[in-house]
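In this note's numbering, the protein residues as written are 1 to 357. Where is the CB? At the ideal position from N, CA and C, for every residue including glycine.
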Ligand code: PEP
Ligand code: MN
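And the structure:
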């Protein structure tokens, strides 16, 4: 699904085979946004994202420069021939974005979750003669109905240039990634909305730069329609999301020349196995999160992590189920012994921490 409502020129000089919208998490100063846009343009990226209002989880941090930031962006965009967009969280943001002729706006994860706010923003945007494109990020929690609701709400107000953005979900537990991309679930959602382009925002999924190539590769493999990436001229001193921003020059290095779709049977089968392994890892993470809760319960009720009866029952059940599916009992028992040992280690570790409090 091409991003057809951007003029062809917007993505004409890209150094990579997929549309990229890039820019800093926040507009910080006139000089910063000017230098960033210039360097992005030098690299071939002409469509720029930058937050003028930052919805911070906790108060007291940098909350954005506000409307003046859009004035600075517009000035550079007109001068250099670029396309710009910002996050709108309130209807007055939407009106300000229109005043500065933003080519697109986005609803952030926190805004998409609020039907009243989406409604007000939709009304404000619908009053424009030349309506901007609206990018709708998923909510922080995996509530696909609300995400869809926001999209439909915008459409009802005559906004037709809609794009969805996967920025990952907070599932209450996490490993290295800041937010879980829930690839499979989002693919299902994509299949329900076949007319809607989907972008991947690897920056908010990863939360740190070293993980970006893997997530970008996966987005390409899953044929996302574009990338929405945070890029800063001096990432270390960025006022928000410093750990996940990369320089404009580094973006192209994240993107493989050829999407890793593969063609041979072996590649196809292997990628299917990769998906299953990914699902297994997800399940393990969920299992570990539950294990921690069980550990707490045991701790408050004076039970030790290892309970032999429970372990025997678990092994018996798993072997029985394994043989139902034609699996050999012995390796399955070994596997679950290992998984169980890992759970106990986690519970012991948590107990140990409590001891030291
Ligand atoms: C952002 O894109 O800078 C942002 C705040 O995103 P999200 O709403 O996904 O957290
Ligand atoms: Mn950000």
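task = Counting only the same chain and skipping the five closest in sequence on each side, list residues whose C-beta sits under 7 angstroms from that of residue 188.
result = Within the chain shown, the letter at position 188 stands for residue 188. Excluding sequence neighbours, residue 188 sits near nothing in its chain.
task = Determine the closest residue to residue 183 out of 118, 277 and 297, with distance taken between C-alpha atoms.
result = For the purposes of this step, residue 183 is identified with residue 183 of the chain shown, where counting begins at 1. Comparing Cα-Cα distances from residue 183 to each of 118, 277 and 297, the minimum goes to 277.
query = Do residue 33 and residue 73 have their C-beta atoms closer together than 7 angstroms?
reply = Counting from one through the chain shown, the residue named residue 33 turns up at place 33. Counting from one through the chain shown, the residue named residue 73 turns up at place 73. Contact flag set, yes.
message = Please report the distance separating the alpha-carbon of residue 351 from that of residue 275.
response = Here residue 351 refers to the residue found at position 351 when the chain shown is read from its first residue. Here residue 275 refers to the residue found at position 275 when the chain shown is read from its first residue. Looking at the two C-alpha atoms, the distance is approximately 34 angstroms.
message = Per DSSP, what are the beta-bridge partners of residue 358 in this structure?
response = Shown here, the chain extends from 1 to 357; a query on residue 358 therefore has no answer.
task = Name all residues in chain order for which at least one heavy atom of ligand 2 lies closer than 5 angstroms to the residue's CB.
result = Chain-ordered list of matching residues: 25 and 241.
Residue of 75, 118 and 110 minimising C-alpha distance to residue 99 = Taking the chain shown and counting its residues from 1, one reaches residue 99 at position 99. Ranking the options by Cα distance to residue 99, first place goes to 75.
message = I need the DSSP call for residue 23, collapsed to helix, strand or coil.
response = Here residue 23 refers to the residue found at position 23 when the chain shown is read from its first residue. Here residue 23 sits in strand by DSSP.
task = Evaluate residue 326 with the Cβ neighbour count: other Cβ atoms within 10 Å of its Cβ, from every protein chain shown; 16 or more gives buried, anything less gives exposed.
result = In the chain shown, the residue the question calls residue 326 occupies position 326. With fewer than 16 other Cβ atoms inside 10 Å of its own Cβ, residue 326 counts as exposed.
inquiry  = Can you check which of these residues, 249, 354, 248 and 271, is closest to residue 296 by C-alpha distance?
reply    = For this step, residue 296 is matched to residue 296 along the chain shown. Of 249, 354, 248 and 271, the residue nearest in Cα terms is 354.
ask   = Over what stretch of residues does the alpha helix (DSSP H) that includes residue 206 continue unbroken?
value = Working through the chain shown from its first residue, we reach residue 206 at position 206. Counting along the chain, the alpha helix (DSSP H) containing residue 206 begins and ends at 202-206.
ask   = Considering only residues of the same chain and omitting the five flanking positions on each side of residue 343, which have a CB-CB separation below 6 angstroms?
value = Position 343 of the chain shown, counted from the start, is the residue given in the question as residue 343. If we look at residue 343 and ignore the five residues flanking it on each side, its Cβ neighbours are 291.
ask   = For the stretch 249-256 against the stretch 120-135, are there 3 or more C-beta pairs whose distance is under 8 angstroms?
value = no
task = Using 10 angstroms around the beta-carbon of residue 45, count the other beta-carbons present and answer buried if the total reaches 16, otherwise exposed.
result = Working through the chain shown from its first residue, we reach residue 45 at position 45. Buried is the call here.
ask   = Should residue 293 go down as buried or exposed, given a rule of 16 or more other Cβ atoms within 10 Å for buried?
value = Against the chain shown, residue 293 aligns to sequence position 293. Flag for residue 293 reads exposed.
query = What's the C-alpha gap between residue 236 and residue 243?
reply = The sequence position of residue 236 within the chain shown is 236, counting from 1. The sequence position of residue 243 within the chain shown is 243, counting from 1. Distance between the alpha carbons of residue 236 and residue 243: 7 angstroms.
inquiry  = Bridge partners for residue 164 per DSSP, in chain order?
reply    = Stepping through the chain shown from its first residue, residue 164 is reached at position 164. The bridge partners DSSP lists for residue 164 are 136 and 198.
message = Between the stretch 160-171 and the stretch 192-207, can you find at least three pairs of beta-carbon atoms closer than 8 angstroms?
response = Segment contact: the stretch 192-207 against the stretch 160-171, three or more CB-CB distances shorter than 8 angstroms; contact assigned.
ask   = For ligand 1, any of its heavy atoms closer than 6 angstroms to the Cβ of residue 167?
value = Taking the chain shown and counting its residues from 1, one reaches residue 167 at position 167. Because some heavy atom of ligand 1 lies under 6 angstroms away, the Cβ of residue 167 counts as near it: yes.
request  = Mind checking which residues open and close the alpha helix (DSSP H) that includes residue 335?
outcome  = In the chain shown, counting from the first residue as 1, residue 335 sits at position 335. Element bounds for residue 335: 329-355.
key: Contacting residues, own chain, Cβ-Cβ under 7 angstroms from residue 256 (five flanking each side not counted)   = Along the chain shown, one-based indexing puts residue 256 at 256. Result list for residue 256: 217 and 220, in chain order.
task = Confirm, please, whether the CB-CB distance from residue 18 to residue 47 is below 7 angstroms.
result = As a working note, residue 47 is residue 47 in the chain shown. As a working note, residue 18 is residue 18 in the chain shown. Their beta carbons are not under 7 angstroms apart, which means residue 47 does not touch residue 18 by this criterion.
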